[in-house]
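Asks: Sharing a structure with you now.
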Amino acid sequence: MTESRRSILKKMGATGVSLGTVSIAGCFGGEQETEEYDRPVEEDLPEERRIERTFEHMAYTEEYSPNRYATNELVVETVGDVLGIDYEMDIGEASVLDDREAEGDFDFFTYTWESEQGGDPDNVITFRYHSDGQRNFGGYSNEEYDEIAEQSRQEYDEDARQELIYEAQELIGELRWESQYLYNEGLYGYNTDVVDEDSVIVDGRLRGTWVTWTEIEPGPENDDGMVATNNWDATNQLNPFDQMTIGPARNVTPTLLMHDTFIRYTEEYEQVNWIAEDIETVDDTTIVVEISDEFEFHDGEPLTVEDVLWTYETILETEPAAYLTSVTDPLESIEQTGDNEVTFHLEEPYVPFTTLTFWQTPILPAHYWEEILDETDNHDTPWEVSFGDDRPIVGSGPFEYESWDQGEQFIQTANHDHPIAPPNIETRVQRPLSSSAAELEALEQGEYGYLDYWFGNNEELADRIEDEPHLGMSAELDNMREATWMNVEEPPLDDVPFRQAYHAVVADLQPVFVEEIYDGYGETGHSPITPMIEFWHNPDVPGFEGGPETAIEILADAGYVWDEDGNLYAPE
Amino acid sequence: MLNRKYLLQRLALMGISLFIVVTLLFFLFRQIPGGPTAMMAPGALPEDVRQQVIEEHGLNEPLWRQYVLFMTNLVQGDLGYSFYYGQPVSSMIASRVVNTLALMISAILISYTLGIYLGAHLGWIRGTTLERVEMVIVLIARSTPVFFMGLFLLYIFSFQLGWFPVGGMRSVGASADGAFQTFFSIDFFHHLVLPVVSLSLFYTGLPLLLMRNNMLEVITEEYIETAQAKGLSRRRIVFVHAARNAILPVVTAFAVAIGFSIGGQVLIETVFSWPGLGREMVDSATRNDYPMAQGTFLLLATLVITMNFVADILYTYLDPRVSVDGESE
Numbered sequence: 001m002t003e004s005r006r007s008i009l010k011k012m013g014a015t016g017v018s019l020g021t022v023s024i025a026g027c028f029g030g031e032q033e034t035e036e037y038d039r040p041v042e043e044d045l046p047e048e049r050r051i052e053r054t055f056e057h058m059a060y061t062e063e064y065s066p067n068r069y070a071t072n073e074l075v076v077e078t079v080g081d082v083l084g085i086d087y088e089m090d091i092g093e094a095s096v097l098d099d100r101e102a103e104g105d106f107d108f109f110t111y112t113w114e115s116e117q118g119g120d121p122d123n124v125i126t127f128r129y130h131s132d133g134q135r136n137f138g139g140y141s142n143e144e145y146d147e148i149a150e151q152s153r154q155e156y157d158e159d160a161r162q163e164l165i166y167e168a169q170e171l172i173g174e175l176r177w178e179s180q181y182l183y184n185e186g187l188y189g190y191n192t193d194v195v196d197e198d199s200v201i202v203d204g205r206l207r208g209t210w211v212t213w214t215e216i217e218p219g220p221e222n223d224d225g226m227v228a229t230n231n232w233d234a235t236n237q238l239n240p241f242d243q244m245t246i247g248p249a250r251n252v253t254p255t256l257l258m259h260d261t262f263i264r265y266t267e268e269y270e271q272v273n274w275i276a277e278d279i280e281t282v283d284d285t286t287i288v289v290e291i292s293d294e295f296e297f298h299d300g301e302p303l304t305v306e307d308v309l310w311t312y313e314t315i316l317e318t319e320p321a322a323y324l325t326s327v328t329d330p331l332e333s334i335e336q337t338g339d340n341e342v343t344f345h346l347e348e349p350y351v352p353f354t355t356l357t358f359w360q361t362p363i364l365p366a367h368y369w370e371e372i373l374d375e376t377d378n379h380d381t382p383w384e385v386s387f388g389d390d391r392p393i394v395g396s397g398p399f400e401y402e403s404w405d406q407g408e409q410f411i412q413t414a415n416h417d418h419p420i421a422p423p424n425i426e427t428r429v430q431r432p433l434s435s436s437a438a439e440l441e442a443l444e445q446g447e448y449g450y451l452d453y454w455f456g457n458n459e460e461l462a463d464r465i466e467d468e469p470h471l472g473m474s475a476e477l478d479n480m481r482e483a484t485w486m487n488v489e490e491p492p493l494d495d496v497p498f499r500q501a502y503h504a505v506v507a508d509l510q511p512v513f514v515e516e517i518y519d520g521y522g523e524t525g526h527s528p529i530t531p532m533i534e535f536w537h538n539p540d541v542p543g544f545e546g547g548p549e550t551a552i553e554i555l556a557d558a559g560y561v562w563d564e565d566g567n568l569y570a571p572e
Numbered sequence: 001m002l003n004r005k006y007l008l009q010r011l012a013l014m015g016i017s018l019f020i021v022v023t024l025l026f027f028l029f030r031q032i033p034g035g036p037t038a039m040m041a042p043g044a045l046p047e048d049v050r051q052q053v054i055e056e057h058g059l060n061e062p063l064w065r066q067y068v069l070f071m072t073n074l075v076q077g078d079l080g081y082s083f084y085y086g087q088p089v090s091s092m093i094a095s096r097v098v099n100t101l102a103l104m105i106s107a108i109l110i111s112y113t114l115g116i117y118l119g120a121h122l123g124w125i126r127g128t129t130l131e132r133v134e135m136v137i138v139l140i141a142r143s144t145p146v147f148f149m150g151l152f153l154l155y156i157f158s159f160q161l162g163w164f165p166v167g168g169m170r171s172v173g174a175s176a177d178g179a180f181q182t183f184f185s186i187d188f189f190h191h192l193v194l195p196v197v198s199l200s201l202f203y204t205g206l207p208l209l210l211m212r213n214n215m216l217e218v219i220t221e222e223y224i225e226t227a228q229a230k231g232l233s234r235r236r237i238v239f240v241h242a243a244r245n246a247i248l249p250v251v252t253a254f255a256v257a258i259g260f261s262i263g264g265q266v267l268i269e270t271v272f273s274w275p276g277l278g279r280e281m282v283d284s285a286t287r288n289d290y291p292m293a294q295g296t297f298l299l300l301a302t303l304v305i306t307m308n309f310v311a312d313i314l315y316t317y318l319d320p321r322v323s324v325d326g327e328s329e
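So the protein sequences, as listed, match chains A and X. If you use the UniProt record's numbering, the first sequence corresponds to residues 1 to 572, in order. If you use the UniProt record's numbering, the second sequence corresponds to residues 1 to 329, in order.
What follows is the structure, encoded as structure tokens:
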């Protein structure tokens, strides 16, 4: 009998389970396989205690991410078997599932999400898990946790804040609002004829090569210094006031390359001053920033304090959706306090202002934007301004706008006068192709210098790199973790032991995810913050090791029982 | 003769058809699960941001008010702004539609020219071994899914032999000043070859088979025998006397093909990463980008309805027995 990939993976998962706790009743194979677990069984259980409902596990399509699809398949089948619940996959397109998540219309939802933003873990700690968090779609609520999260936003002492973030992770681990599958590694292929191999430095924590563009040198066969790379999709928005230029990488990357911000991060993930020459936190709500006078916009005008004031004041006045949480909410006012100095007054202490906000907010040329807003009458809605070849984006960043063929490619030329990071290459082209096979071929043929993103099969990329001497690859743990989020508003998902038991089963499958499904490109772990964010990552988050035995023990201790057919019943 | 009353009736019917299509499109797209905010960032947007984006796009208004606004703008020629691109739908469509037309018109012209010629030829040589061999080839080309043909050609001529690019409409980093440079350059034609060949192999089958079948009827007509008796050359009989009368259904098929060409060939545009309107139609529907989806489908509907009308008019010129009021004499 030919075994399915799912059966093989399930077997591998089962071998990770302690043999003393599980008896395998039948042989695996096809849909006939059954397992029996050492569970407390009772007879004549009242029907009202039976957990009868079908749990739906929302997941993206197999085409979207074959590896993630395989992990979900394995989880749904194994968890359903071990816990004795009716559990099935609910596959859909991102536009549908994301909307359902935002409306709280889900039981379980798996995707890959970052552990930090702008170097700060606030997007996990507060955005996601504070009871008022803007990304809290699962109904997570715990008073003790809320207090820790609030303190972590206000604690400017880094070591003290680290302790709070550690505590928060422990509590998230204990409450099991999310169940991690693995910490992902990003794979970055490059063509050594197009780019100099030694100059390619990938920072997995910042997902891609974009942050280290200064390191990219043309390779031996690249006379014109033009380097092209891929992306998930074509660039569709370049207006820095629009929500989409702070979200998807297809827009974030070119936007950050065309503009400068107060701070940036090195490949060692150290925060460095960029436009800001000095940042001083005077007190919990007052931050003074000294502006460098070395920056110039692409049209030759100097970047000054007026531009900083205009950018932040425009955001405060018009409240673009993009900056609601990072600027509009925390910032009360901004004022010029010296020739090259501005002072920010915050509504209340907000530590991510000097990390996330200063990293994310591009300083825009006031003279250029005023002219555009006058012309288009968009003073109240700057995000509605369209940009294109007849109205290019002007910034001060290391790359300038060259041309944009919508849906096809976006071309940027080097700003060799950039005071901190003049690029080594002449031209950067961002151009998607519609399949990973075509992307791989384009890399081999030298059409791409490197792949900034790889959504195809890891093994396929690794094999091709190995076969072709002019190709190279770097694999780095990035800032993402693949995990399942639970909606805790309905029983039994509102019960902590149930969620802990769930994670106990998933944790046992983690080695299979990493080794078999992701071909070794990843790491196991139990914290929502990946080990790549070393300073914030707590390695001692409870993981409930022990597999199905632990899961059953947790549930039994909490009063759950099973009938003779293996169906789960809630505690009395 | 053109009948004015009939023409006005047809134009009115076209208007009613378009109104129904537009209304259906408006409500159908809003029934698609999911919402337009989902494509604005990976994962769901924070709740307050989501609400603000919904308000910015006027999606918090009652549906009937959105419909009235949409229809009012449409009458004024304003298709609105794409949620996804933040640009006027009309300019987005304009930039995509030329790419699609360049691809599709090339393929359709090649297909119909070849199809008409070969169909007439096959009809004339009916029953010969050559006809049977050619028919098998045609049927294979017609029954092979066009995306499969595209993938096959891409694999052989691009991935293996490296003769043609892996996708796109021009080389990496190439930019053009104006439409002429874009569509009349060696680089563009180099990128055009594989997708056009893939499409042409598929599309040639229909006009060829239509032409052949009609030729089989026409060549039994008395005027063909008369032409033969007059000692006219075979070429003249086939292409001047017989083909002209066999071509009518092909004209209809051609007009409809031109109409549908605006929608492109989604699969071919995807296989060859062609930045055309076909992919955009599908993507905009998937992304719940209502203005863009409505605009692209409206354009498609308009063209199909118009080309059907044009085909009816053309009939009267090609076959005097057909009158413009739709009745045969």
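Here a beta-carbon is modelled for each residue, glycine too, at the ideal position from N, C-alpha and C. Quick caveat: nothing in here was measured; it's all calculated off a predicted structure.
Report yes if the CB atom of A:A507 is closer than 8 Å to the CB atom of A:I554, and no otherwise.
Replies: Translated into the one-based positions of the first sequence, residue 507 of chain A becomes position 507. Translated into the one-based positions of the first sequence, residue 554 of chain A becomes position 554. No. Outside cutoff.
Asks: With H, G and I counted as helix, E and B as strand and the rest as coil, what does DSSP make of X:G205?
Replies: Against the second sequence, residue 205 of chain X aligns to sequence position 205. If DSSP states are grouped into helix, strand and coil, X:G205 belongs with the helices.
Asks: Alpha carbon to alpha carbon, how far is X:I108 from X:A257? Give it in angstroms, no decimals.
Replies: In the second sequence, counting from the first residue as 1, residue 257 of chain X sits at position 257. In the second sequence, counting from the first residue as 1, residue 108 of chain X sits at position 108. Their Cα atoms are separated by approximately 7 Å.
Asks: Taking the alpha carbon of A:N458 as the point to measure from, which residue in A:E267, A:R49, A:Y188, A:F55 has its own alpha carbon closest?
Replies: The residue given as residue 458 of chain A occupies position 458 in the first sequence. Minimum Cα distance to A:N458 is reached at A:Y188.
Asks: Between the segment 516 to 532 of chain A and the segment 167 to 183 of chain A, do at least 3 Cβ pairs fall closer than 8 Å?
Replies: The answer is yes - the segment 167 to 183 of chain A touches the segment 516 to 532 of chain A, with three or more Cβ pairs under 8 Å.
Asks: Against chain X, does A:A59 count as a neighbour if the rule is that its beta carbon must be under 8 Å from one of theirs?
Replies: Within the first sequence, the letter at position 59 stands for residue 59 of chain A. Not an interface residue.
Asks: When DSSP builds the beta bridges, which residues end up paired with A:T485?
Replies: Locating residue 485 of chain A in the first sequence gives position 485, where the first residue counts as 1. Inspection of the sequence shows that residue 485 of chain A is occupied by Trp rather than by Thr. A:W485 is bridged to A:F109, A:E178.
Asks: Could you name the residues of the segment 288 to 300 of chain X whose beta carbon sits closer than 9 Å to any beta carbon of chain A, in the order they occur along the chain?
Replies: For the segment 288 to 300 of chain X, which is checked against every Cβ of chain A, the residues closer than 9 Å are N288.
Asks: In chain order, what residues of the same chain lie with their CB nearer than 8 Å to the CB of A:T61, ignoring the 5 residues before and after it?
Replies: Taking the first sequence and counting its residues from 1, the one referred to as residue 61 of chain A is at position 61. Y69, I91, G92, E93.
Asks: Spell out whether any CB of chain A is found under 8 Å from the CB atom of X:E47.
Replies: Taking the first residue of the second sequence as 1, we reach residue 47 of chain X at position 47. Yes, its Cβ sits closer than 8 Å to a Cβ of chain A.
Asks: Could you tell me whether the Cβ of A:R431 comes closer than 8 Å to any Cβ of chain X?
Replies: For this step, residue 431 of chain A is matched to residue 431 along the first sequence. Closer than 8 Å: yes.
Asks: Just list the alpha helix (DSSP H) runs in the segment 457 to 515 of chain A, keeping only unbroken ones of 4 residues or longer that don't cross its boundaries, in chain order.
Replies: Fully enclosed alpha helix (DSSP H) runs of 4 or longer: 458 to 467, 496 to 512.
Asks: Could you spell out the range, first to last residue, of the beta strand (DSSP E) harbouring A:Y265?
Replies: For the purposes of this step, residue 265 of chain A is identified with residue 265 of the first sequence, where counting begins at 1. Residues 263 to 265.
Asks: Under 8 Å between the Cβ atoms of A:I201 and A:E267?
Replies: The residue you call residue 201 of chain A lines up with position 201 of the first sequence. The residue you call residue 267 of chain A lines up with position 267 of the first sequence. Taking 8 Å as the Cβ cut-off, A:I201 and A:E267 qualify as a contacting pair.
Asks: Please check the pair X:Y84 and X:S284, which I expect to be a contact at CB under 8 Å, by giving their CB distance rounded to whole angstroms.
Replies: Residue mapping note: residue 84 of chain X aligns to position 84 of the second sequence, counting from 1. Residue mapping note: residue 284 of chain X aligns to position 284 of the second sequence, counting from 1. Sure, about 7 Å apart at Cβ, within 8 Å.
Asks: Between X:V68 and X:F26, what straight-line distance do the alpha-carbon atoms span, to the nearest angstrom?
Replies: Position 68 of the second sequence, counted from the start, is the residue given in the question as residue 68 of chain X. Position 26 of the second sequence, counted from the start, is the residue given in the question as residue 26 of chain X. If I take the Cα positions, the gap works out to 11 Å.
Asks: Taking A:G407 as the reference, give the member of X:P62, X:V75, X:S95, X:E56 with the closest Cα.
Replies: The residue given as residue 407 of chain A occupies position 407 in the first sequence. For A:G407, the nearest C-alpha among the options comes from X:S95.
Asks: On the CB-based measure, 16 or more other CB atoms within 10 Å of its CB, does A:D405 come out buried or exposed?
Replies: Position 405 of the first sequence holds residue 405 of chain A. The residue in question, A:D405, is buried, as its Cβ has 16 or more Cβ neighbours within 10 Å.
Asks: Measure the C-alpha to C-alpha separation of A:L316 and A:V308 and round it to an integer number of angstroms.
Replies: Indexing the first sequence from 1 puts residue 316 of chain A at position 316. Indexing the first sequence from 1 puts residue 308 of chain A at position 308. Between A:L316 and A:V308, the C-alpha separation is close to 12 Å.
Asks: Looking at the secondary structure, which residues open and close the beta strand (DSSP E) in which A:T530 lies?
Replies: Start at 1 with the first residue of the first sequence, and residue 530 of chain A comes out as number 530. Unbroken run through A:T530: none, as it is neither H nor E.
Asks: To the nearest angstrom, how far is it from the Cα of X:R170 to the Cα of X:S200?
Replies: As a first step, residue 170 of chain X is located in the second sequence; it is residue number 170 there, counting from the start. As a first step, residue 200 of chain X is located in the second sequence; it is residue number 200 there, counting from the start. Near 20 Å, if we compare the C-alpha coordinates of X:S200 and X:R170.
Asks: Within 10 angstroms of its Cβ, does X:N60 collect 16 or more other Cβ (buried), or is it exposed?
Replies: The residue given as residue 60 of chain X occupies position 60 in the second sequence. Exposed.
Asks: For the segment 89 to 109 of chain A, enumerate the residues whose C-beta is nearer than 7 Å to any C-beta of chain X, in chain order.
Replies: Against chain X - using a Cβ distance shorter than 7 Å - the residues of the segment 89 to 109 of chain A are E93, A94, S95, V96, D98, D99, E101, A102.
Asks: Pair every Cβ in the segment 472 to 491 of chain A with every Cβ in the segment 223 to 238 of chain A, then say whether three or more of these pairs are closer than 8 Å.
Replies: No: fewer than three Cβ pairs fall under 8 Å.
Asks: Compute the distance between the beta-carbons of residue 330 of chain X and X:S91, then report whether it is under 8 Å.
Replies: With chain X running from 1 to 329 in the structure shown, residue 330 of chain X is simply not present.
Asks: Name the chain X residues whose beta carbon is nearer than 8 Å to that of residue 595 of chain A?
Replies: Residue 595 of chain A cannot be examined here, being either before or after the span of chain A that is shown, 1 to 572.
Asks: Relative to the alpha-carbon of A:D120, which residue among A:E489, A:N479, A:I517, A:P548 has its alpha-carbon at the smallest distance?
Replies: In the first sequence, residue 120 of chain A corresponds to position 120, counting from 1. When only C-alpha atoms are compared, the closest one is A:N479.
Asks: If we count the other Cβ atoms within 10 Å of its Cβ and call it buried at 16 or more, is A:F410 buried or exposed?
Replies: Your numbering for residue 410 of chain A matches position 410 in the first sequence. The residue is buried, with at least 16 neighbouring Cβ atoms inside 10 Å.
Asks: In chain X, which residues lie less than 7 Å from A:I411 when you measure between Cβ atoms?
Replies: Numbered from its first residue, the first sequence carries residue 411 of chain A at position 411. Correct list: G173, S175.
Asks: Excluding the 5 residues preceding and the 5 following A:P497 in the sequence, name in chain order all residues of the same chain whose CB lies nearer than 8 Å to its CB.
Replies: Working through the first sequence from its first residue, we reach residue 497 of chain A at position 497. I554, L555, D557, A558, Y560.
Asks: Restricting to Cα atoms, I'd like to know which of A:E73, A:Q430, A:L471 is closest to A:E441.
Replies: Your numbering for residue 441 of chain A matches position 441 in the first sequence. For A:E441, the nearest C-alpha among the options comes from A:L471.
Asks: Note down, in chain order, every chain A residue with its Cβ under 7 Å from the Cβ of X:E225.
Replies: Position 225 of the second sequence, counted from the start, is the residue given in the question as residue 225 of chain X. Residues of chain A passing the Cβ test: none, with the nearest at roughly 55 Å.
Asks: Beta strand (DSSP E) containing X:D289: first to last residue?
Replies: As a first step, residue 289 of chain X is located in the second sequence; it is residue number 289 there, counting from the start. Element bounds for X:D289: n/a, residue is neither H nor E.
Asks: Could you tell me the boundaries of the alpha helix (DSSP H) in which X:Y6 lies?
Replies: Along the second sequence, one-based indexing puts residue 6 of chain X at 6. Element bounds for X:Y6: 4 to 29.
Asks: Could you check where the beta strand (DSSP E) with A:R428 kicks off and where it finishes?
Replies: Translated into the one-based positions of the first sequence, residue 428 of chain A becomes position 428. Taken as a continuous stretch (DSSP letters only), the beta strand (DSSP E) holding A:R428 covers 427 to 430.
Asks: Per the DSSP calculation, A:P218 is bridged to which residue(s)?
Replies: The sequence position of residue 218 of chain A within the first sequence is 218, counting from 1. The partner list for A:P218 (beta bridge, DSSP) reads A:V195.
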